[in-house]
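Q:
Right under this line is the structure:
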């Protein structure tokens, strides 16, 4: 069925539907996985990497604090303005700008360039503790994320579910039902351990560099262990939690 509002987009026939790989965490529920689509394509990759890359390069060249800070903010602002001009969603670009702003304020206040990455280290530590806690409590976080995405959990859907007749089961019963299935508990625990490993690896590599004040290498590993590692762990998570494909009809 065609979409008259999007004539530029190739349409799929109803007889042979094809699912476009989703972006971000929604990729976990797809039948297929595309790393490029998951990170938002080339533009999403640029928005995630460019401000940090500009900071590292500017610091290595100038060995100064203010120039890299200003340059990274300008880069993030340009990305936001570009989306505003083109009237495309600005969520990812604004998120990047917020993260950059925290790092810039922290480093400018302390006068130490390595503090540009302090907020990220604390955030990774927080994620690590929370995810590990969900595993120890036998409530692996990935299970809730995946089941919520599969159930189509949105504010509108929650409201509609709350208004359902009392004799009808909740559409979101699956959000917790999986915990009574040993196979799913094991599957989601493994998937959550993958993310624990991601945050633990980042902290293990970057924390010593932070305390050593080695900004060049800290910035380099911040980039290497950022989007590339995130995309890899997202793919591994998808592989672990994906639903088996239905056998093809004869």
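Numbering (UniProt numbering), first residue to last: 1 to 250. We treat Cβ as the ideally placed atom computed from N, Cα and C, and that holds for glycine.
1. Hey, would you say residue 134 sits closer than 8 Å to residue 194, going by beta carbons?
2. Going by Cα to Cα distance, which pick from 207, 132, 79, 188 is closest to residue 54?
3. Check residue 34 in the structure and name its three-state DSSP category.
4. With H, G and I counted as helix, E and B as strand and the rest as coil, what does DSSP make of residue 150?
5. Assess, as a yes-or-no matter, whether the stretch 122-133 is touched by the stretch 172-187 under the definition of 3 or more beta carbon pairs within less than 8 Å.
6. Below 6 Å CB to CB, which residues in the same chain sit around residue 143 once its five sequence neighbours on both sides are set aside?
7. Report the residue from 24, 52, 28, 29 whose alpha carbon sits nearest the alpha carbon of residue 41.
8. On the criterion of 16 or more Cβ atoms from any shown chain inside 10 Å, does residue 95 qualify as buried, or is it exposed?
9. Using DSSP with H/G/I as helix, E/B as strand and the rest coil, what is residue 88?
10. Given a cut-off of 8 Å, decide if residue 206 and residue 69 are closer than it, judged by their beta-carbon atoms.
11. How many Å lie between residue 225 and residue 82 at the Cα?
12. Quick check on this structure: which residue in 240, 51, 93, 61 has the alpha carbon closest to the alpha carbon of residue 44?
13. If residue 223 sits next to residue 114, beta carbons under 8 Å apart, how far is it from one beta carbon to the other, in whole angstroms?
14. If you follow the alpha helix (DSSP H) that residue 63 is in, where does it begin and where does it stop?
15. Do residue 38 and residue 48 come within 8 Å of each other at the CB atom, strictly closer than that value?
16. In whole angstroms, what is the alpha-carbon distance linking residue 30 and residue 235?
17. Under a Cβ-count criterion, where at least 16 other Cβ atoms within 10 Å of its own Cβ denotes burial, should residue 72 be classed as buried or exposed?
18. How would you label residue 103, buried or exposed, when you count the other beta carbons within 10 angstroms and need 16 or more for buried?
19. Locate the alpha helix (DSSP H) running through residue 180, then write down its first and last residues.
20. Looking at residue 233 and residue 198, is the spacing between their C-beta atoms short of 8 Å?
21. Quick check: what's the CA-CA separation for residue 294 versus residue 241?
22. In whole angstroms, what separates the C-alpha of residue 34 from that of residue 147?
A: Result, derived from the coordinates:
1. No, these two residues do not count as a Cβ contact at 8 Å.
2. If we check each option's Cα against that of residue 54, 79 comes out closest.
3. Coil, per DSSP.
4. It is helical.
5. No, because fewer than three Cβ pairs between the stretch 172-187 and the stretch 122-133 fall closer than 8 Å, the two stretches do not touch.
6. If you ignore the 5 residues before and after residue 143, its C-beta comes within less than 6 Å of the C-beta of 178, 188, all in its own chain and listed in chain order.
7. Closest by alpha carbon: 24.
8. Residue environment: residue 95 is assigned as exposed (fewer than 16 neighbouring CB atoms within 10 Å of its CB, all protein chains considered).
9. Coil at residue 88, not helix or strand.
10. Their beta carbons are not under 8 Å apart, which means residue 69 does not touch residue 206 by this criterion.
11. Straight across, the Cα-Cα distance linking residue 225 with residue 82 is about 26 Å.
12. Answer by Cα proximity: 93.
13. The Cβ separation is near 15 Å, so there is no contact.
14. Segment: none, residue 63 is in no alpha helix (DSSP H) and carries neither H nor E.
15. Not in contact: residue 48 and residue 38 (Cβ atoms no closer than 8 Å).
16. Our two residues, residue 30 and residue 235, have alpha carbons roughly 11 Å apart in a direct line.
17. Buried.
18. It is buried - the Cβ of residue 103 has at least 16 other Cβ atoms within 10 Å.
19. Here residue 180 belongs to no alpha helix (DSSP H), and DSSP marks it neither H nor E.
20. Cβ atoms of residue 198 and residue 233: closer than 8 Å.
21. Nothing can be reported for residue 294, as the shown portion of the chain is limited to 1 through 250.
22. Taken atom to atom, the span from the alpha-carbon of residue 34 to that of residue 147 is near 20 Å.
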